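In order, the protein sequences belong to chains A and B.
Take 1 as the starting number for the first sequence in my numbering and just add one per residue.
Take 1001 as the starting number for the second sequence in my numbering and just add one per residue.
Glycine included, each C-beta is placed from N, C-alpha and C at the ideal position.
In this text the structure is predicted, and so the values were computed from the model without any measurement.
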Amino acid sequence: MTDCNALKSAILRGKRAEVKTIVSAAIEAKEDVNMLIDQGMIPAMSEIGEKFSKGEAFVPELLIAARAMQTGLGLLEPLIAASGRQKKGKVAIGTVSGDLHDIGKNLVSIMLKGADYDVIDLGVNCDLAKFDAAVAQGAQIVACSSLLTTTMPFMKEVADHYRGTDVKVIIGGAPVTQEYCDQIGADGYSSDANSAVKLVDSLLAC
Amino acid sequence: MKFTICEPNQNLADVLARNGVPIDRRCGGIGTCGRCRVQLLTGDWLNGGKEISAPAEVLACRTVLKSKSGVVDVPEESLAPQKSSAIVSSWNITEALPKTKEAVIGIDIGTTTIAAALVQGGEVIASETCFNPQSAFGDNVIARITASKEHLNELTWSVRQAIAGLVQKLGNPARIAVAGNTVMSCLFHGIDPTPIGASPFIPPCKEFPVRSGMELGAGMDVPVYTVPCISGYLGGDITAGLLETKPQEGELFIDIGTNCELVFHGKQQFTGAAAAAGPAFEGAGISCGMRAVKGAISQYRGEGDYTVIGDCEPQGLCGSAMTDVIAEERRREHLNDFGRIQPHAEALNITKDGQIRLTEGDLEQLLKAKAAVYAGITTLEEHCGCTATTLILAGGFARWLNLNNAAAIGMIPERAYRIAGNTSLAGAIRLASEPEQTMGRLLETARSVKETPLNSFPEFTDNFIDALMLP
Chain A
1 MTDCNALKSA ILRGKRAEVK TIVSAAIEAK EDVNMLIDQG MIPAMSEIGE KFSKGEAFVP
61 ELLIAARAMQ TGLGLLEPLI AASGRQKKGK VAIGTVSGDL HDIGKNLVSI MLKGADYDVI
121 DLGVNCDLAK FDAAVAQGAQ IVACSSLLTT TMPFMKEVAD HYRGTDVKVI IGGAPVTQEY
181 CDQIGADGYS SDANSAVKLV DSLLAC
Chain B
1001 MKFTICEPNQ NLADVLARNG VPIDRRCGGI GTCGRCRVQL LTGDWLNGGK EISAPAEVLA
1061 CRTVLKSKSG VVDVPEESLA PQKSSAIVSS WNITEALPKT KEAVIGIDIG TTTIAAALVQ
1121 GGEVIASETC FNPQSAFGDN VIARITASKE HLNELTWSVR QAIAGLVQKL GNPARIAVAG
1181 NTVMSCLFHG IDPTPIGASP FIPPCKEFPV RSGMELGAGM DVPVYTVPCI SGYLGGDITA
1241 GLLETKPQEG ELFIDIGTNC ELVFHGKQQF TGAAAAAGPA FEGAGISCGM RAVKGAISQY
1301 RGEGDYTVIG DCEPQGLCGS AMTDVIAEER RREHLNDFGR IQPHAEALNI TKDGQIRLTE
1361 GDLEQLLKAK AAVYAGITTL EEHCGCTATT LILAGGFARW LNLNNAAAIG MIPERAYRIA
1421 GNTSLAGAIR LASEPEQTMG RLLETARSVK ETPLNSFPEF TDNFIDALML P
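Structure representation (structure tokens):
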């Protein structure tokens, strides 16, 4: 039987090898994948997220834990799909057209996965066609990232494109602000990966 | 300073700048940096599209006058910084400068500082520096590109005027040559740099024509040459640096700044890359951060034990001292692997009174910046399939840096080091001294570098995350 606390602790300490060993053993023993997620991964990510929002953890800790969780989740993904697990919702995420920076975007992506969302990660340099394809697959939220003030204006195109539809557009990235979000009429902004999860929670709750 | 504004329906920051008030628009005037804060004393205004009446505190770049006139109070801290770094005209080059009969001027157009030197017979006769006046439009090249959308002429005009001022102070040259990053070079020539701002980042121009000093506003009819660029993010400053330092096989040339440029002479070829490190080590976004100017703590040995540039009362910390703080406090076990203060505290005091300090939030920014530099170096090495034997460190930041401490905090790997200084300026002087011969060599150098997009490699993210921790 897998020790979910050991899995959680390995994630929080960023120990990828430990995570891999624990998850591989659980898969080998044909254990319930949902238990690993519900009692190991989600609690780990919510604990680090909570610490982050209280100012007790910073981006380095978040990145290190997220990467370790991703290692385990990557092994489980085929099994999750087969198990028919019900996720909290579906989010498409991508760095906008013209921009190739993805460390922040990847962190948001992993945090959302760790909060039990189905995430379609579209990568970098995403045009409207890429976002549309994800929406056609059922994405309820389109999350846009940008690190360059020169590529930020594309977020307005995305917001304009989905205005009046059921799809919500949320934005983030180093130069992006709440004021910019209001200015372009996007549905939400978050300043960091942890509050991005809360933002998605609140948008899908109503 | 109070000003009466009588130009309705126009952006307040633009109006102030046009009237000679150097309002700080380091984000490019898009309302994100919060630096252009002003007090509206009278009048009706539109702020972010909403009507407001004085008195109110607003960002000038988001504000438009609605009534016929209005009075605005601009505090000093909302003006663009005017101080420039002290010594920027020194270098360590592999080949002596040509001994010309006539005097020539070389100019390094930095994003922050412009440095110029008058040279005759291979010797520097005089040198001058000034702040790049474009800084009012943003402190980094991306902000300048954003600003060029509406202010291309002002950007071009202001840098030419600053250069003309330096040239006039230095005297009558027979020839002038400039070197700068690709955005600075384009703006100097009045070329719209917009394509550099987005993927695939192709520069509108890499090789520039010879122009007359009259045309460029230098006020004299002498030829002005420009060092050719390599790519959108590897500019003429790097081309010049490579010519001046001649990296041998196994040597890696690096200029650490907001953008970190790297060129590795790996197995038989030159591979170049740029990595965004952010402005933390230049003092931006750090609570007590500042540039390496008078009043900055430049070296730190322990709480209350430090060296201040200009030997005066300390006003803040510059990047080299930030590196020292992390290294020293880590040695004393006051910082854990993640850069968190042990035992738990909000900040590390630098001065005994705690007036100058580094908070945990500051430390986070610094860890991210140093990790980007380290990941840039290691990812480029992995890509080239070999490890550098020597790091050649060019540019202003490396001048003040304690290299042992930089290695101790995991900003640069432990290698042999060579400090190169302002090789961009040295290259510009060589070009002005022997234009035809040098231009050929510069073009050959620029064309020999193969650029590789570091952040498209998944290893870059992995190396970055690994490098976030303190060794």
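According to DSSP, B/Gly1070 shares a beta bridge with B/Ile1005.
By the Cβ neighbour-count rule, B/Ser1158 is buried, with 16 or more other Cβ atoms within 10 Å of its own.
Where B/Ser1298 is concerned, the enclosing beta strand (DSSP E) starts and stops at Ala1296 to Gly1302. For B/Gly1197, a Cβ of chain A is located within less than 8 Å of the residue's own Cβ. For the region 72-99 of chain A, the residues whose beta carbon sits under 8 Å from a beta carbon of chain B are, in order, Ser97, Gly98 and Asp99. Around the beta-carbon of B/Met1290, 16 or more other beta-carbon atoms lie within 10 Å, marking it buried. Under the Cβ criterion of 8 Å, B/Glu1051 is not counted among the residues facing chain A. Take the alpha-carbon of B/Glu1414 and the one of B/Ala1276: they are about 21 Å apart. Residue pairing from DSSP places B/Thr1271 in a beta bridge opposite B/Phe1264 and B/Lys1450.
Per DSSP, the continuous beta strand (DSSP E) segment holding B/Arg1175 begins and ends at Arg1175 to Gly1180.
For B/Glu1051, the enclosing beta strand (DSSP E) has its first and last residue at Lys1050 to Ser1053. In this model, A/Phe131 and B/Glu1076 are separated by some 45 Å (Cα to Cα). Here B/Ile1109 is buried, its C-beta having at least 16 other C-beta atoms within 10 Å. With 16 or more other Cβ atoms inside 10 Å of its own Cβ, B/Glu1282 counts as buried.
Your pair A/Ala92 and A/Val135 checks out as a contact, with CB atoms roughly 7 Å apart and the cut at 8 Å. For the pair B/Arg1430 and B/Phe1201, the Cα-to-Cα distance works out to about 29 Å.
Distances from the CA of B/Val1227 to each of B/Lys1206, B/Gly1217, B/Lys1246 and B/Leu1216 were compared; the closest alpha carbon is that of B/Lys1206. The region 1341-1359 of chain B and the region 79-87 of chain A do not touch, with fewer than three beta-carbon pairs separated by less than 8 Å. With a threshold of 8 Å between beta carbons, B/Asn1455 makes contact with chain A. Think of a sphere of 9 Å around the beta carbon of B/Leu1367: the chain A residues whose beta carbon falls inside it are Phe58, Val59 and Pro60, in chain order. Taken through DSSP and simplified to helix, strand or coil, B/Thr1129 comes out as strand. Within chain B, no residue has its beta carbon less than 9 Å from that of A/Leu122; the closest one is some 14 Å off. A Cβ-Cβ separation of about 7 Å places B/Val1325 in contact with B/Ile1350 under the 8 Å criterion.
Taking a beta-carbon distance threshold of 8 Å, B/Phe1188 does not count as an interface residue toward chain A.
Each residue's CA atom was taken as its position, placing B/Ala1432 and B/Ala1179 some 11 Å apart.
Counting only Cβ-Cβ distances below 9 Å, B/Gly1339 has contacts in chain A at Phe58 and Pro60, in chain order. Look at B/Ala1103 here: in three-state DSSP terms it is coil, with no helix or strand label. Spanning the alpha carbons of B/Asp1362 and B/Cys1260 requires a straight line of approximately 20 Å. Just measuring C-alpha positions, the residue of B/Thr1239, B/Leu1216 and B/Lys1267 sitting nearest B/Gln1248 is B/Lys1267. Using a CB distance cut-off of 8 Å, A/Leu148 counts as an interface residue toward chain B. Nearest in C-alpha terms to B/Ala1345, of all of A/Val108, A/Glu61, A/Asp116 and A/Glu56, is A/Glu56. Legend: CB atoms of the region 110-137 of chain A lying less than 9 Å from CB atoms of chain B belong to residues Val124 and Asn125. Per DSSP, B/Asn1011 lies in no alpha helix (DSSP H) segment and is marked neither H nor E. About 6 Å separates the beta carbons of B/Ile1030 and A/Thr149, which is inside the 8 Å limit, making them a contact pair.
Counting only Cβ-Cβ distances below 7 Å, B/Thr1461 has contacts in chain A at Ile103 and Asn106, in chain order. Its Cα nearest to that of A/Thr95, the residue A/Leu122 stands out among A/Gln70, A/Leu122, A/Val59 and A/Val197.
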